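First up is the structure itself, then whatever we jot down about it.
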Amino acid sequence: MIHNGCAKRLVDMGKKILILTSFVSGMGGVEKVIERTNTILSKNKKYTTRIISLSGGQSNLMNGKTKFFYTGKESWISNINGSRFPFRSGIKHLDFILHATYIFFVLIRYRPDYVVCTGFGQLVYANKIRNLFGLKYKVLSWPHFSIASGFGNIKYSTQADYCLGISKEINDEFIKSGVAPEKVIYFPNPFSRMDIIKRKNDITTFVFIGRLLIDGQKRIRDIIDAAGKVNGDFCVKIIGDGEDAELIEKYIENSPANKKFELLRGWVNDPWGLAGNPNALLLASAFEGLPTVIGEAMSRGIVCISSDCKTGPRDFIEDEENGYLFPVGDVDSLANLMQRVVDGDINPSPEIIAKSIDFFYEDRYEERLLKVFN
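Here you go:
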């Protein structure tokens, strides 16, 4: 039994929420969502939050001889109430022991009411530690990728008290993996309401913003190949960074549309400042979770042309209404949609595009977020 004085102190402290994450670069969409979530909860005195990253960030090494200690780009976590466990041996079982031990001490010291896990590995740690030591927190599964990504086993989500699905298709994946439907909550990521961007009339501009992967998840090769099939006055801006940047640069050089491309390498806080006034966003991904870049584009009234990948684009886009979808890997379909933009056949109202994602804006997200922890 808790005495009245102790109970009052617990109420005054508010509910403690611990967010565990890993496999993040420090510059991606997951980090942005965690930052926004932390900002919303921090404004409410009923909650205190702490974020723990088990990631090596951008994997900047302390020295060139060891991969055991990372000093990655972690400015995102230094701006919030968070910290990073920087050790990684590269040996699976040793890393499991290191992470489990670290999380155990965090849980014992912080005593959270909720543990929110963006990866299935952290979920397993949190659940096992809870059961072994009789801790009372709730465990929430909050993955940001679909099964198609191959990142972990979604069946571990059956160990969670609740599952937060950032897309409708991820909700379906939870249920198919054995999670009871009443434990699954549709919980798409938040986006800010932005000023509408005026489209350029002199030259049609397409933009890609994200990690530079020529194949794999982002399939930038498809965008380059599609551009080679498009006629007219247009340009394609590719903004971002990643391990395939040089491969992409060489592939563009050998493309018949090589003069149509502008490759802007590097991670920047405001890539939309570099984008200028694009007519359309391009995304050719093999898989996503809930692609942040689509929400950011649509909030600015920019039409999006996206692959119909698992999962996320369909949460935003009603095909041929507020955006356009094409089958993953179908270069001809992508080229046809790009040609329609160049020809002026695709020109939906920017205001209608921005209004169509009203459910995703931060004020609506705040309502959903507070319901989860009440």
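Take the sequence shown: its position 233, counted from the start at 1, is 218 in my numbering, and no numbers get skipped.
Cβ coordinates follow ideal geometry from the N, Cα and C atoms, glycine included.
None of the values given here were measured: they were computed from a predicted structure.
Arg69 - DSSP class collapsed to helix/strand/coil: Strand, per DSSP.
Is the separation between the beta-carbon of Thr189 and that of Val326 shorter than 7 angstroms? For Thr189 and Val326, yes; Cβs fall inside 7 angstroms.
Out of Arg35, Pro173, Arg94, Phe90, point me to the one whose CA is closest to Gly150's CA. Of the listed residues, the one whose Cα sits closest to Gly150 is Pro173.
Assuming the contact rule is C-beta atoms closer than 8 angstroms, Val215 and Phe246 should be a hit. Round their C-beta distance to whole Å, please. Actually they are not in contact, since the Cβ atoms of Val215 and Phe246 sit about 12 angstroms apart, beyond 8 angstroms.
Is Asp300 closer than 7 angstroms to Ser152 when the C-beta atoms are compared? Yes, Cβ-Cβ distance for Ser152 and Asp300 is below 7 angstroms.
If you drop the 5 nearest sequence neighbours on each side, which residues of the same chain put their C-beta closer than 8 angstroms to that of Ser285? Position check: residue 285 holds Arg in this sequence, whereas Ser was assumed. Around Arg285: Met179, Asp180, Ile181, Ile182, Trp257, Pro335, Ala339.
Is Phe246 helix, strand or coil when you go by DSSP? Three-state DSSP puts Phe246 in a strand.
Cβ neighbours of Val124 in the same chain (closer than 6 angstroms, five flanking residues each side left out): Excluding positions up to five away in sequence, the list reads Val100, Ala111, Asn112, Ala145, Asp146.
For Leu108, does the count of other Cβ atoms within 10 angstroms reach 16, so buried, or fall short, so exposed? The residue is buried, with at least 16 neighbouring Cβ atoms inside 10 Å.
Give the DSSP-derived three-state secondary structure of Ile188 in the structure shown. Judged by DSSP in its simplified three-state form, Ile188 adopts coil rather than helix or strand.
Neighbour-count burial assignment, Ser27, 16 or more Cβ in a 10 Å radius: In the assembly as shown, Ser27 is an exposed residue. Its beta-carbon has fewer than 16 other beta-carbons within 10 Å.
For the candidate residues Lys0, Arg184, Ala269, Asn116, whose alpha-carbon lies nearest to that of Thr296? Nearest option by C-alpha distance: Ala269.
Other residues of its chain near Ile233: CB distance less than 6 angstroms, five sequence neighbours each side excluded: Listed in chain order, the non-local C-beta contacts of Ile233 below 6 angstroms within the same chain comprise Leu197, Ile199, Ile205, local neighbours out to five positions each way being set aside.
Going by alpha carbons, who is nearest to Lys1 out of Thr24, Gly106, Tyr122? Taking the Cα of Lys1 as reference, the smallest distance to any Cα among Thr24, Gly106, Tyr122 is reached at Tyr122.
For Leu232, three-class secondary structure by DSSP: Helix, per DSSP.
Using the rule of at least 16 other Cβ atoms within 10 Å of the residue's Cβ for burial, across every protein chain shown, is Asn239 buried or exposed? Per the 10 Å Cβ criterion, exposed.
Tell whether a beta-carbon distance below 7 angstroms holds between His129 and Val15. In this structure, His129 sits near Val15, with a CB-CB distance shorter than 7 angstroms.
Every unbroken alpha helix (DSSP H) inside the region 204 to 230 [4 residues or more]: Fully enclosed alpha helix (DSSP H) runs of no fewer than 4 residues occupy 205 to 212 of the region 204 to 230, in order along the chain.
I need the straight-line Cα distance from Leu5 to Leu39, nearest angstrom please. Their backbone Cα atoms lie some 8 angstroms apart in a straight line.
Tell me whether the beta-carbon of Tyr171 lies closer than 7 angstroms to the beta-carbon of Asn186. No, the pair does not count as a contact, with Cβ atoms beyond the cut-off.
Express the C-alpha separation of Phe89 and Pro97 in angstroms, rounding to a whole number. Distance between the alpha carbons of Pro97 and Phe89 is about 12 angstroms.
Run of the alpha helix (DSSP H) containing Ala260, from where it starts to where it stops: Going by DSSP, Ala260 is part of the alpha helix (DSSP H) stretching over 256 to 260.
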